[in-house]
Amino acid sequence: MASPLNRRQFLTAIAAVTGTAASSPLWAQSLLSRPAALQFLSKANYDLHFPGEDQPHLATLMSWPHRRGFYLNTLGAMQDEMAAIAQAIAQYETVLMIAHPGQGATAQSKCGPSVRVLELPLDDCWMRDNGPVFIHATPTGGGQSTRVAMDFGFNAWGNPNWQSDNDDAIPQRLCERFQHPFHTVPFVLEGGAIHGDGEGTIYTTEECLLHPSRNGSVTKADVEAQLAATLGAQKVVWLPWGLTPNDLTEGHIDGVLALIEPGKVLLQQARPTDRPDVQLRAAENLAALQGQTDAQGRVIDIVPWNWMSDTSIFGATFEHTYLNFYLVNGAVIVPTASNNDDAPALAELQTHFPNRDIVGVECRALGYNGGGVHCVTQQVPV
258 MASPLNRRQF LTAIAAVTGT AASSPLWAQS LLSRPAALQF LSKANYDLHF
308 PGEDQPHLAT LMSWPHRRGF YLNTLGAMQD EMAAIAQAIA QYETVLMIAH
358 PGQGATAQSK CGPSVRVLEL PLDDCWMRDN GPVFIHATPT GGGQSTRVAM
408 DFGFNAWGNP NWQSDNDDAI PQRLCERFQH PFHTVPFVLE GGAIHGDGEG
458 TIYTTEECLL HPSRNGSVTK ADVEAQLAAT LGAQKVVWLP WGLTPNDLTE
508 GHIDGVLALI EPGKVLLQQA RPTDRPDVQL RAAENLAALQ GQTDAQGRVI
558 DIVPWNWMSD TSIFGATFEH TYLNFYLVNG AVIVPTASNN DDAPALAELQ
608 THFPNRDIVG VECRALGYNG GGVHCVTQQV PV
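Take the sequence shown: its position 247, counted from the start at 1, is 504 in my numbering, and no numbers get skipped.
Pasting the structure below:
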């Protein structure tokens with residue numbers, strides 16, 4: 258582990274990278290107040306709590322797209338959309354954008370002064386999937402709770418030929434930079450594969466977490482034991498499928514389900530015009546969820562979500578899901594398709610989140626490349 262930075266060194270580093278004055282923002286104060294490392298973490302020694310996304314945040318982590326050889330002519334639009342998302346979130350909470358060495362100036366220029374930029378080696382830009390997953394750990398029997406970054410394995414969604422070593426290392430490198438406690442977990446898990454309600458329930462899909470490209474031949478019981486040991490899961494609710502077949506992520510939950518509050522979820526429905534395989538997936542997901550209870554014993558309240566849009570960019574047309582939104586302090590940041598479906602979809606979301614601003618951000622380039630707002634963000638809970 259890197260040598261601990263004292264407070265002045267830390268603030269000097271932040272100022273050098275972000276161009277901010279050497280005064281400590283709230284999220285940095287909190288990071289600095291934590292122990293330098295946890296030497297050991299297991300459910301036998303700690304009670305673990307995985308906060309819901311709707312609970313207060315210190316900050317949002319993002320990462321800057323830079324691989325022109327991979328994104329080709331879509332890179333500029335990807336960067337513009339990423340900057341717009343960061344700027345929207347920064348109206349409500351601190352945003353820390355990680356940029357590959359040499360890309361920090363571009364990221365800062367496009368994102369503007371409201372977004373902080375830090376250079377660390379990167380392969381890609383999907384912070385939800387390769388970034389740290391934060392929990393609260395309290396010593397069994399009582400004591401002070403500590404925020405811990407769980408460092409799960411990342412293997413580029415099971416693609417062994419894709420460069421992902423830098424992305425896999427982001428949680429540890431980020432935590433070492435800020436002297437934040439982290440725990441390395443020898444288990445591949447992308448953040449987009451799970452939704453937690455903050456009260457012991459984790460939602461996921463069989464298609465993703467049972468796929469052999471992640472952890473080999475594992476059973477539901479194996480996965481549930483791992484989620485209990487690392488995230489404090491008391492119950493795992495399984496859906497069979499993600500949104501569409503042949504999805505790069507092999508069925509992430511954050512394309513088909515979103516939490517309104519503990520015990521109440523939005524579930525993606527198919528349209529009559531959708532392909533038969535998409536309709537079948539939606540029907541089987543609904544059937545699997547109906548009647549299920551969460552960790553607190555509540556029958557899950559399913560709110561059908563009927564908005565999905567066909568959007569086009571770069572000569573391609575694809576399904577756009579509005580459910581890949583991200584909850585921040587006081588707002589919901591929603592990926593939009595820049596067509597006539599946006600306004601009614603945003604209006605319906607406002608009915609489900611009456612105490613939050615609903616902020617739409619165009620995400621056609623992100624959607625073309627396989628994601629949305631939720632895919633590129635990772636919350637740091639208070």
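Note that the Cβ used here is the ideal one computed from N, Cα and C, for glycine as well.
Predicted model only: the values in this text are computed from it and were never measured.
### Query
In whole angstroms, what separates the C-alpha of Ala-552 from that of Asp-304?
The count along the sequence shown starts at 1 and reaches residue 552 at position 295. The count along the sequence shown starts at 1 and reaches residue 304 at position 47. Cα to Cα, Ala-552 sits roughly 16 Å from Asp-304.
### Query
CB-CB under 7 Å to Thr-397, same chain, minus the five flanking residues each way: which ones, in chain order?
Counted from its first residue, the sequence shown places residue 397 at position 140. Contacts found: Asn-302, Tyr-303 and Asp-304.
### Message
Just to confirm my understanding: we take Val-618, look at its own chain, exclude 5 residues before and 5 after, and list those with CB closer than 8 Å. What are they?
### Response
Stepping through the sequence shown from its first residue, residue 618 is reached at position 361. For Val-618, where only same-chain residues beyond five positions count, the Cβ hits under 8 Å are Glu-338, Ala-341, Ile-342, Ala-345, Ile-590, Val-591, Pro-592, Thr-593 and Val-630.
### Message
Let me make sure I understand the geometry here. Which of Tyr-583, Ala-544 and Ile-392 has the alpha-carbon closest to that of Cys-620?
### Response
As a working note, residue 620 is residue 363 in the sequence shown. The residue with the shortest Cα to Cα distance from Cys-620 is Tyr-583.
### Task
May I ask whether a heavy atom of the ligand SAH can be found less than 6 Å away from the beta carbon of Glu-507?
As far as ligands go, the structure on display features none, and thus does not contain the ligand SAH.
### Message
Do Gln-420 and Asp-380 count as a contact pair if the criterion is CB distance below 7 Å?
### Response
In the sequence shown, residue 380 corresponds to position 123, counting from 1. In the sequence shown, residue 420 corresponds to position 163, counting from 1. Closer than 7 Å, so yes.
### Thr-476 - DSSP class collapsed to helix/strand/coil
On the sequence shown, position 219 is the one that residue 476 refers to. In this structure, Thr-476 counts as coil in the three-state DSSP scheme.
### Inter-residue Cα distance where the pair is Leu-505 and Thr-574
Taking the first residue of the sequence shown as position 1, residue 505 is located at position 248. Taking the first residue of the sequence shown as position 1, residue 574 is located at position 317. Answer to the nearest angstrom: the Cα atoms are 16 Å apart.
### Message
Restricting to Cα atoms, I'd like to know which of Asp-311, Gln-549, Thr-351 and Glu-507 is closest to Pro-370.
### Response
Translated into the one-based positions of the sequence shown, residue 370 becomes position 113. The residue with the shortest Cα to Cα distance from Pro-370 is Thr-351.
### Per-residue DSSP class, three states only, for Ala-334
For the purposes of this step, residue 334 is identified with residue 77 of the sequence shown, where counting begins at 1. If DSSP states are grouped into helix, strand and coil, Ala-334 belongs with the helices.
### Query
In this structure, does DSSP put Gln-558 in helix, strand or coil?
In the sequence shown, residue 558 corresponds to position 301, counting from 1. This sequence places Asp at residue 558; Gln is not what is there. Strand.
### Query
What's the gap between the Cα of Ser-320 and the Cα of Gln-360?
Start at 1 with the first residue of the sequence shown, and residue 320 comes out as number 63. Start at 1 with the first residue of the sequence shown, and residue 360 comes out as number 103. One C-alpha to the other measures close to 11 Å.
### Task
Tell whether a beta-carbon distance below 7 Å holds between Val-513 and Tyr-460.
Looking up residue 513 in the sequence shown gives position 256. Looking up residue 460 in the sequence shown gives position 203. The answer is no: Cβ separation not under 7 Å.
#### Entry: Whole-angstrom distance between Ile-570 and Ala-394, CA atom to CA atom
Translated into positions along the sequence shown, residue 394 becomes position 137. Translated into positions along the sequence shown, residue 570 becomes position 313. Between Ala-394 and Ile-570, the C-alpha separation is close to 44 Å.
#### Entry: Pro-638 versus Pro-313: straight-line alpha-carbon distance, rounded
For the purposes of this step, residue 638 is taken as residue 381 along the sequence shown, with counting starting at 1. For the purposes of this step, residue 313 is taken as residue 56 along the sequence shown, with counting starting at 1. Cα to Cα, Pro-638 sits roughly 6 Å from Pro-313.
### Task
Could you have a look at His-631 and say whether DSSP puts it in helix, strand or coil?
What you label residue 631 is simply residue 374 of the sequence shown in a count that begins at 1. DSSP places His-631 in helix when its eight states are reduced to three.
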